[in-house]
Amino acid sequence: MHSNAIAMATGQVKLREGCVKMEYLYDQADYIQSFDDLDIKIFEEFSSATRFFPFTNERHLYNQKYISGLDARLDIIETKYRPLLIEKCQELIHKLQYIKTIA
């Protein structure tokens, strides 16, 4: 989760892919350690708002004109959520920084 938050905050991974991964990691990490104090609702909300849009590896399956229209709509959603997602990533980086000392 720590590494994924860094990758999202620095643009190494796209927000959509990062959010889906964050949800997965959060669910899996709960088996090892409870993260009740971490709120990932913004990741879930963004994933839900963008669920309809194809991921990068699926884009070639669609007509380019259709993709262009989707991209315009996706840009609006990402512009709305980006600051909130980056802020949450920064929070997770800070809260989970102890992981660096464990590894």
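Number 53 in full-length UniProt numbering belongs to position 53 of the sequence shown; there are no gaps in the numbering.
A virtual CB, placed ideally from N, CA and C, is assigned to each residue, including glycine.
Whether or not the region 85-93 and the region 31-48 are in contact is what I'm after, with contact meaning three or more pairs of Cβ atoms, one per stretch, closer than 8 Å; do they touch?
Contact between the region 31-48 and the region 85-93 is present, because at least three Cβ pairs lie under 8 Å.
Should I93 be labelled buried (16 or more other beta-carbon atoms within 10 Å of its own) or exposed?
So I93 ends up on the buried side.
With 16 other CB atoms within 10 Å as the buried threshold, where does N4 fall?
Looking at its Cβ environment, which holds 16 or more other Cβ atoms inside 10 Å, N4 is buried.
How about I32 and A49: are their beta carbons less than 8 Å apart?
Against a cut-off of 8 Å, the Cβ pair of A49 and I32 comes out as no contact.
Which residue from N57, K65, K21 puts its Cα closest to that of E44?
When each option's Cα is compared against that of E44, the closest is K21.
Can you grab the Cα-Cα spacing for the pair A103 / A7, in whole Å?
For A103, the predicted structure reports a pLDDT of 49, less than 50, and the residue's modelled location is therefore unreliable. The matter cannot be settled from this model.
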